[in-house]
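Here the structure is laid out as structure tokens; the discussion comes afterwards.
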Amino acid sequence: MNNKLLRGIIPAIVTPFNDKGGLALESVAKLIENFIDYGCEALYVCGVTGECLSLSVTERKEMAKEVMKVMKDRLPIVIHVGGTKTTNGAVELAKHAEIIGATAVSSMAPVNSPRDLNAAVEHYRKIGEAVSIPFYVYWIAKTAQPVTAKIFLEKMEKIPNFSGIKFSDNNLYLFERIKEYSGGKLNLLTGVDEMNLSGMVMKSDGAIGSTYNVMPKLFVNMRRDFENGNIKGAMEAQRRANYLIEAMLETEVGIVPGIKAILNYRGFNVGSSRKPHKDISRKQLEVLLGIVNKYKLE
Numbered sequence: 043m044n045n046k047l048l049r050g051i052i053p054a055i056v057t058p059f060n061d062k063g064g065l066a067l068e069s070v071a072k073l074i075e076n077f078i079d080y081g082c083e084a085l086y087v088c089g090v091t092g093e094c095l096s097l098s099v100t101e102r103k104e105m106a107k108e109v110m111k112v113m114k115d116r117l118p119i120v121i122h123v124g125g126t127k128t129t130n131g132a133v134e135l136a137k138h139a140e141i142i143g144a145t146a147v148s149s150m151a152p153v154n155s156p157r158d159l160n161a162a163v164e165h166y167r168k169i170g171e172a173v174s175i176p177f178y179v180y181w182i183a184k185t186a187q188p189v190t191a192k193i194f195l196e197k198m199e200k201i202p203n204f205s206g207i208k209f210s211d212n213n214l215y216l217f218e219r220i221k222e223y224s225g226g227k228l229n230l231l232t233g234v235d236e237m238n239l240s241g242m243v244m245k246s247d248g249a250i251g252s253t254y255n256v257m258p259k260l261f262v263n264m265r266r267d268f269e270n271g272n273i274k275g276a277m278e279a280q281r282r283a284n285y286l287i288e289a290m291l292e293t294e295v296g297i298v299p300g301i302k303a304i305l306n307y308r309g310f311n312v313g314s315s316r317k318p319h320k321d322i323s324r325k326q327l328e329v330l331l332g333i334v335n336k337y338k339l340e
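Right, dumping it as structure tokens:
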């Protein structure tokens with residue numbers, strides 16, 4: 043288990059598409075410079091927010107390579123390699139990530155057996171053994187294996203470069219137990235934006251999130267307020283953010299289409315989302331923009 047590499051607010055960058063549905067790599071640079079300007083401290087590439095399940099292995103390599111080219115070693119880059127049809131595909135992506143200079147790789151559980159702990163650990167082991175850089179588990183609530191912290195950590199001991207978890211689950215009891223029983227050695231980051239502040243209370247090292255694409259300043263300031271003891275300010279920031287998150291989560295809009303629509307409105311030219319996502323209507327966009335303007339979300 044390696045030293046902690048990731049801290050602070052880490053956007054799970056969207057994958058930009060052009061009008062024909064292909065990659066729009068020319069839009070990556072503007073996104074990254076915006077994150078850096080607002081004080082984000084790392085980047086998570088080709089995760090669920092990056093629509094990994096709709097991307098080919100070749101497209102994922104191209105996106106990862108473009109991010110690395112633009113970033114130029116300024117911030118740590120974690121390349122998500124899971125979500126492929128087979129573990130071999132994830133291993134191929136992991137090897138490519140190391141070759142192009144990624145800081146670490148990450149993977150969700152195998153798509154064909156997401157709730158089988160032994161299958162997941164074997165999937166993680168093959169990825170971890172294929173590279174020498176740190177490996178992070180992408181823990182997703184709806185596919186998470188029913189397990190205790192002790193059992194999970196015991197199973198993961200066979201993966202020497204297992205370094206941390208992107209914990210996209212609202213079970214912060216389990217998060218705290220993993221932190222406790224790992225002796226603070228794991229780099230633990232929350233992945234539920236609407237509970238970002240709650241994760242800080244549980245001493246998360248940072249947070250990887252989708253809505254940081256459109257609210258990086260708010261979340262960076264939220265963490266800064268929390269670390270400086272301004273709990274009231276941090277709570278207010280979380281409250282404001284949750285109005286936008288609520289509008290995307292609890293309607294037909296969806297998180298990724300909503301994020302992309304706001305980014306397009308702001309001139310980032312990231313295109314639409316691929317299926318199964320749906321394009322949002324003009325009326326839905328107006329609702330989102332109304333919330334953005336009312337609560338000064340950026």
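Residues in the sequence shown are numbered from 43 upward in steps of one, following this note's numbering. Glycine included, C-beta positions come from ideal geometry on N, C-alpha and C. Since this is a predicted model, take the numbers as computed values, not measurements.
How long is the line joining the alpha carbons of residue i and residue j, rounded to whole angstroms?
{"i": "Lys317", "j": "Ser96", "result": "7 Å"}
{"i": "Gly143", "j": "Ile175", "result": "9 Å"}
{"i": "Met237", "j": "Leu47", "result": "22 Å"}
{"i": "Phe59", "j": "Ile322", "result": "16 Å"}
{"i": "Leu31", "j": "Phe310", "result": "With the chain running from 43 to 340 in the structure shown, residue 31 is simply not present."}
{"i": "Leu65", "j": "Ile273", "result": "41 Å"}
{"i": "Val70", "j": "Val112", "result": "8 Å"}
{"i": "Trp181", "j": "Asn335", "result": "33 Å"}
{"i": "Glu104", "j": "Asp247", "result": "29 Å"}
{"i": "Ile304", "j": "Ser210", "result": "23 Å"}
{"i": "Lys137", "j": "His165", "result": "15 Å"}
{"i": "Val295", "j": "Lys325", "result": "11 Å"}
{"i": "Leu327", "j": "Ile301", "result": "10 Å"}
{"i": "Thr293", "j": "Ile333", "result": "14 Å"}
{"i": "Lys320", "j": "Gly225", "result": "43 Å"}
{"i": "Val123", "j": "Leu135", "result": "6 Å"}
{"i": "Gly275", "j": "Arg265", "result": "10 Å"}
{"i": "Lys62", "j": "Gly271", "result": "48 Å"}
{"i": "Thr145", "j": "Val329", "result": "38 Å"}
{"i": "Leu214", "j": "Pro299", "result": "27 Å"}
{"i": "Ser314", "j": "Gly92", "result": "12 Å"}
{"i": "Cys82", "j": "Arg102", "result": "22 Å"}
{"i": "Lys245", "j": "Glu68", "result": "37 Å"}
{"i": "Cys88", "j": "Ile297", "result": "15 Å"}
{"i": "Met290", "j": "Arg308", "result": "18 Å"}
{"i": "Glu278", "j": "Val99", "result": "41 Å"}
Please determine, among the options, the residue with the shortest C-alpha to C-alpha distance to residue i.
{"i": "Asn284", "options": "Lys103, Gly309 and Thr253", "result": "Thr253"}
{"i": "Tyr86", "options": "Pro53, Asp61 and Tyr180", "result": "Pro53"}
{"i": "Ser155", "options": "Ser315, Gly125, Ala276 and Val295", "result": "Gly125"}
{"i": "Val56", "options": "Cys94, Tyr337, Asn212 and Lys221", "result": "Cys94"}
{"i": "Phe177", "options": "Ala162, Val120 and Lys227", "result": "Val120"}
{"i": "Pro118", "options": "Met264, Val262 and Ile51", "result": "Ile51"}
{"i": "Lys114", "options": "Cys88, Glu75 and Asn212", "result": "Glu75"}
{"i": "Gly149", "options": "Glu140, Lys227 and Val133", "result": "According to the sequence shown, residue 149 is Ser rather than Gly. Checked all of Glu140, Lys227 and Val133; the closest Cα to Ser149 is Val133."}
{"i": "Ala249", "options": "Ser205, Ala84, Gly63 and Ala172", "result": "Ala84"}
{"i": "Phe90", "options": "Arg265, Leu214, Ala151 and Cys82", "result": "One detail in the question is off: residue 90 reads as Val in this sequence, not Phe. Closest option to Val90, Cα to Cα, is Ala151."}
{"i": "Asn130", "options": "Glu278, Ala276, Gly170 and Val189", "result": "Gly170"}
{"i": "Ile141", "options": "Arg157, Met110 and Asp158", "result": "Met110"}
{"i": "Arg49", "options": "Leu291, Asn212 and Gly233", "result": "Gly233"}
{"i": "Asn212", "options": "Arg157, Lys184 and Val153", "result": "Lys184"}
{"i": "Phe204", "options": "Ala289, Pro188 and Val179", "result": "Val179"}
Going along the chain, which residues of its own chain have a beta-carbon closer than 7 Å to the beta-carbon of residue i, five neighbours each way excluded?
{"i": "Asn306", "result": "Val312"}
{"i": "Arg116", "result": "Ile78"}
{"i": "Ala191", "result": "Leu216, Arg219, Ile220 and Tyr223"}
{"i": "Gln280", "result": "Asn238, Leu239 and Met264"}
{"i": "Phe268", "result": "Leu239, Met242 and Ala276"}
Give a single yes or no on whether residue i has its beta carbon closer than 8 Å to a heavy atom of the ligand NAP.
{"i": "Gln326", "result": "Summarising the ligand content, the structure contains no ligands, and the ligand NAP is consequently not present."}
Determine whether the beta carbon atoms of residue i and residue j lie at a separation below 9 Å.
{"i": "Pro258", "j": "Tyr80", "result": "yes"}
{"i": "Leu286", "j": "Val243", "result": "no"}
{"i": "Leu230", "j": "Ile193", "result": "no"}
{"i": "Leu331", "j": "Leu260", "result": "no"}
{"i": "Val147", "j": "Val173", "result": "yes"}
{"i": "Arg167", "j": "Lys200", "result": "yes"}
Can you find the residues in the same chain that come closer than 6 Å, C-beta to C-beta, to residue i, ignoring five residues on each side of it along the sequence?
{"i": "Arg282", "result": "Tyr337"}
{"i": "Glu108", "result": "Leu67 and Val70"}
Can you find the residues in the same chain that come closer than 8 Å, C-beta to C-beta, to residue i, ignoring five residues on each side of it along the sequence?
{"i": "Asn160", "result": "Lys197"}
{"i": "Leu195", "result": "Ile220, Tyr223 and Ser224"}
{"i": "Asp235", "result": "Ala249, Gly251, Ser252, Thr253, Tyr254, Phe261, Ala283 and Ile287"}
{"i": "Ala139", "result": "Ala106, Ile121, Val123, Val147, Val173 and Ile175"}
{"i": "Pro188", "result": "Arg157"}
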